[in-house]
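Notes follow the structure.
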Amino acid sequence: MSRSAGNTAAVHKNAKTLPSRAVPAVELPAPSEELAVKAVERLGWKGVLLPQLTLLGRKVFVVAELLPDAHAERLCFGVGPVVDRTTVATWVWPELAGKVPPAAVRIVGVLAVAKHWRTGLASAVPFALHGDAAVVLPSSVALTDDYLSNCLPRARRYGLSIVTADPDGTVSMDLAGTPEHISLEQTAVTRWVNEVVYEQVLATAS
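For what it's worth, the numbering used here labels the leading residue of the sequence shown as 3, then goes sequentially.
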């Protein structure tokens, strides 16, 4: 072995013995499902809390309520949930106005449970323009300068609610969302999300 190789090996060996200053990873104080139940109650959302699902590439919890009249109409015409995005995309065409099935559920709110506020906002913001949206975060995250300086201004901008979870699993409202941001315009995306949620509501009921 050359002298340089021996020195390199010695350096590598010594490097392994240096003390590590790794920051402990932030963990959720309880399973996501349990925190979602508590957060929905704290937020006062009324409806069916669906199991966590992936919408628009984000893992979220949705609270929705079935619209009895619209659901009955769709049953009469044999039109169940339509989750094919290409088909649903045509429903907003002007020439199909009045010819597409009515939305059979109302999405009360969309909730993201995350360990970090950036992940939570990335999951919740796409839904915030069309309804109530919220994020559940560990309470330790809400004590950082990063949260105060960067998370809260962004959450206020999009009208998001933020619920924090203490180490014992107790949840508290840290920021109440505002409804002024909500748009009532139906788009191909919102109609498709509504159909996916409609399917999940029926599956949960059965």
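For glycine and all other residues, C-beta sits at the position ideal for the given N, C-alpha and C. Keep in mind that this is a model prediction, so the values were computed, not measured.
Drop a sphere of 10 angstroms on the beta-carbon of residue i, count the other beta-carbons inside from all chains shown, and report buried for 16 or more, exposed for fewer.
i	result
residue 207	exposed
residue 78	exposed
residue 220	Nothing in the structure corresponds to residue 220, since the chain is present only between 3 and 208.
residue 166	buried
residue 163	buried
residue 176	buried
residue 95	exposed
residue 76	buried
residue 25	In this predicted model, residue 25 has a pLDDT of only 46, less than 50, meaning its place in the structure is not dependable; the value taken from the coordinates is given anyway. Under this definition residue 25 is an exposed residue.
residue 90	buried
residue 192	buried
residue 185	exposed
residue 97	exposed
residue 144	buried
residue 35	exposed
residue 66	buried
residue 58	exposed
residue 179	buried
residue 23	Caution applies to residue 23, whose pLDDT of 43 falls short of 50 and renders its modelled position unreliable; the model cannot decide the point.
residue 197	buried
residue 1	As shown, the chain starts at 3 and ends at 208. That puts residue 1 outside it, with no answer to give.
With residue i as the anchor, note down where its beta strand (DSSP E) starts and where it stops.
i	result
residue 112	107-115
So residue i is in the alpha helix (DSSP H); what residue range does that whole segment cover?
i	result
residue 157	154-160
residue 128	119-130
residue 204	190-207
Which residue or residues does DSSP assign as beta-bridge partners of residue i?
i	result
residue 140	167
residue 135	112
residue 174	166
Would you mind giving the Cβ-Cβ distance between residue i and residue j, rounded to the nearest angstrom? I have them listed as a contact below 8 Å.
i	j	result
residue 48	residue 107	Going by Cβ atoms, the distance from residue 48 to residue 107 rounds to 13 Å, so no, they are not a contact pair.
residue 129	residue 115	Contact doesn't hold; Cβ gap of about 14 Å is too wide.
residue 135	residue 105	Actually they are not in contact, since the Cβ atoms of residue 135 and residue 105 sit about 18 Å apart, beyond 8 Å.
residue 85	residue 203	Not really, about 13 Å apart at Cβ, beyond 8 Å.
residue 93	residue 102	4 Å
residue 173	residue 37	7 Å
residue 125	residue 62	6 Å
Kindly indicate if chain B contains any beta-carbon less than 8 Å away from that of residue i.
i	result
residue 201	Absence of chain B from the displayed structure is noted, only one protein chain being present.
Please specify which runs of the alpha helix (DSSP H), each continuous and at least 4 residues long, are wholly inside the region 29-105, giving them in chain order. Here the runs fully enclosed are 34-45, 70-78 and 87-91.
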